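Throughout the sequence shown, residue numbering follows our numbering, covering 25 to 144 in sequence.
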Amino acid sequence: MAMDDNSLGFAHVDKVTLQLWSRQTGSDGIASWTQRSVINLNNHLSIQNPNERLGLIGSLEGCDTIFVTMGLDIYELNLKTFRWKKLQKREKLRGLIPYMSFYSPQGIFVSIAIRPLHIS
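Below you can see the structure in the form of structure tokens.
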């Protein structure tokens, strides 16, 4: 995912904590991953079961939005406003392939597809 400063970003969910990382280049020209923020999602999502595990399944570039699974549900969460919306139940969902494309400053084009795969 792209960060506010257009650097390459990485998001990771550990139980109910979202960690945001970005790729930064130091004055010596060496790039490394730097932790930008840690967000306790339990403060923003109504998690009934404290043992519920969240899964990060995608992000939407330019909108500061991530997609997480919790139980059988898929949620959209805006990282700026922390507003979340339930998108659908996963009862018949076999997998989710995110579609996103972006242009990096180095001129490398990357495209990833998001498509729900349903069991018939």
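Built from N, CA and C at the ideal position, the CB exists for glycine as well.
What you are looking at is a predicted structure, and each value in this text was computed from that prediction instead of being measured.
Closest to M94 by C-alpha separation, out of A35, V40 and V62, would be which residue? V40
Pick from Q43, G53, L103 and S70: whose alpha carbon is nearest that of G86? L103
In angstroms, rounded to a whole number, what distance separates the CA positions of I98 and L78? 10 Å
In the DSSP assignment, the beta strand (DSSP E) including R154 goes from what residue to what residue? Not covered by the structure: residue 154. The range shown for the chain is 25 to 144.
Give the DSSP-derived three-state secondary structure of N102 in the structure shown. strand
With distances taken between CB atoms, is the gap from R47 to A55 smaller than 8 Å? yes
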